[in-house]
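**Q** With this note's numbering as the guide, the letters of the sequence shown map in order to residues 91 to 319.
Glycine is no exception: its CB is placed at the ideal position from the N, C-alpha and C atoms.
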Amino acid sequence: ALVALRTSLSLEEDPKTLLSLGDAFAVTSRWDEAAEAYRQGNAMRPTHAAGRASLGNALEEGGRYDEAEVSWRAALSLAPADVGTYQNLGAMLRRRDRLAESKTAYQAAVAVDPTAAEAYVGLGKCYSAPRGGWSGAQRGGAECEDEYLGYLSRTYGVALRLQPTSAGVYNSVGEAMTMYGLLGGSAEFGGLGAKEMYAHALALTPANTCAATHVAYQDRKSTRLNSSH
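1) Based on Cα-Cα distance, which residue from A207, Y155 and V202 lies nearest to R188?
2) Suppose you measure from the CA of L296 to the CA of T118; what does that come to, to the nearest Å?
3) For K193, which residues from the same chain have a beta carbon less than 7 Å from its beta carbon, with the 5 sequence-adjacent residues on both sides left out?
4) Please report how far the alpha carbon of R185 lies from the alpha carbon of L92, in whole angstroms.
5) On the three-state DSSP scale, how would you describe L272?
6) Compare the Cα-Cα distances from Y238 to each of A114, A284 and M267 and report the closest residue.
7) Looking at the structure shown, is E191 part of a helix, part of a strand, or coil, going by DSSP?
8) What do you reckon, are the CB atoms on G131 and L109 nearer than 8 Å?
9) Does R244 pass the burial test, meaning 16 or more other C-beta atoms within 10 Å, or should it be called exposed?
10) For the alpha helix (DSSP H) containing P105, name the first residue and the last one.
Dropping the structure here:
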C-alpha cells in the first residue's frame, strides 16, 4: 500500500492520497512519518477537519502532546460536532492531570451525542473520590455522601445503561467505589457495590485479570472476617 500511494503521489500530489499515506503509516505505528503526511495533506486542504483530527492522533501517539492538542482544537473549530475528537482530547487532558479541561471536553462530547458511553466514562474519571472516602463522607453528612455517588450515577451509571455488556465500564465503576472505600452497595447502583461490579466484569470477560484480582481479594477478605467471629 505504501509503495502504491507513493507512486500515485509521484504522478500527482493529491491531498486525499497524502491523508491515505498518513493512515498507512499510522497503521504501522510510524507516527512521525504519519504526522508529516497528514501535515502535507492538511496544507493542501486547510479546512478539512478529519485531516486535522488524524494529525492530532498521530502526534499524540508519538508523544507530542502539545502539538496534538493544537491540531485537535483546530479540527473542532472546523467540525464542532466531532464526538471522537472531543473524546480523544478529553482523554489526553485527563492523563496530563488537566481534569477541569478534560471534563469540559467530555461534556461537549455528551452535548453533541447523549449516547456517547465512552464520554460518560471519561467524565466519571474526572472526579476524584472525596478525601477520607466513604467514612469521611458519612461524617460530613448525607449531602457530602450523595454528591460523589450522585456524580458516579450521572456518569458511570449512564454509561452502564448505554453499554450494559461493557466489562470496561463495570471495572471503572468498581475502581471508583473501591477508591471511595464503599464496601457495601449503593442505592444509586441498585444496591450493588464494588465486588458486584468486578464480578459482572469477570462474567463478561473471564480473562479480565483486573476484575479477577479484585473479586479474589474481596472473597479472601470476607472469608477472613467470617473466620474471626
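**A** Well, looking at it:
1) On the sequence shown, position 98 is the one that residue 188 refers to. Nearest of A207, Y155 and V202 to R188, Cα basis: Y155.
2) On the sequence shown, residue 296 is found 206 positions in, with the first residue counted as 1. On the sequence shown, residue 118 is found 28 positions in, with the first residue counted as 1. Strictly speaking, residue 296 in this sequence is Pro, with Leu absent from that position. Taking the straight line joining both Cα atoms gives about 30 Å.
3) Numbered from its first residue, the sequence shown carries residue 193 at position 103. Contacts found: L213 and C216.
4) In the sequence shown, residue 185 corresponds to position 95, counting from 1. In the sequence shown, residue 92 corresponds to position 2, counting from 1. Their backbone Cα atoms lie some 33 Å apart in a straight line.
5) As a position in the sequence shown, residue 272 is number 182, starting the count at 1. If DSSP states are grouped into helix, strand and coil, L272 belongs with coil.
6) Working through the sequence shown from its first residue, we reach residue 238 at position 148. When each option's Cα is compared against that of Y238, the closest is M267.
7) Counted from its first residue, the sequence shown places residue 191 at position 101. Correct three-state label for E191: helix.
8) Position 41 of the sequence shown holds residue 131. Position 19 of the sequence shown holds residue 109. Yes. Within cutoff.
9) By 1-based counting over the sequence shown, the position of residue 244 is 154. Result: exposed.
10) Residue mapping note: residue 105 aligns to position 15 of the sequence shown, counting from 1. Start and end: P105 to V117.
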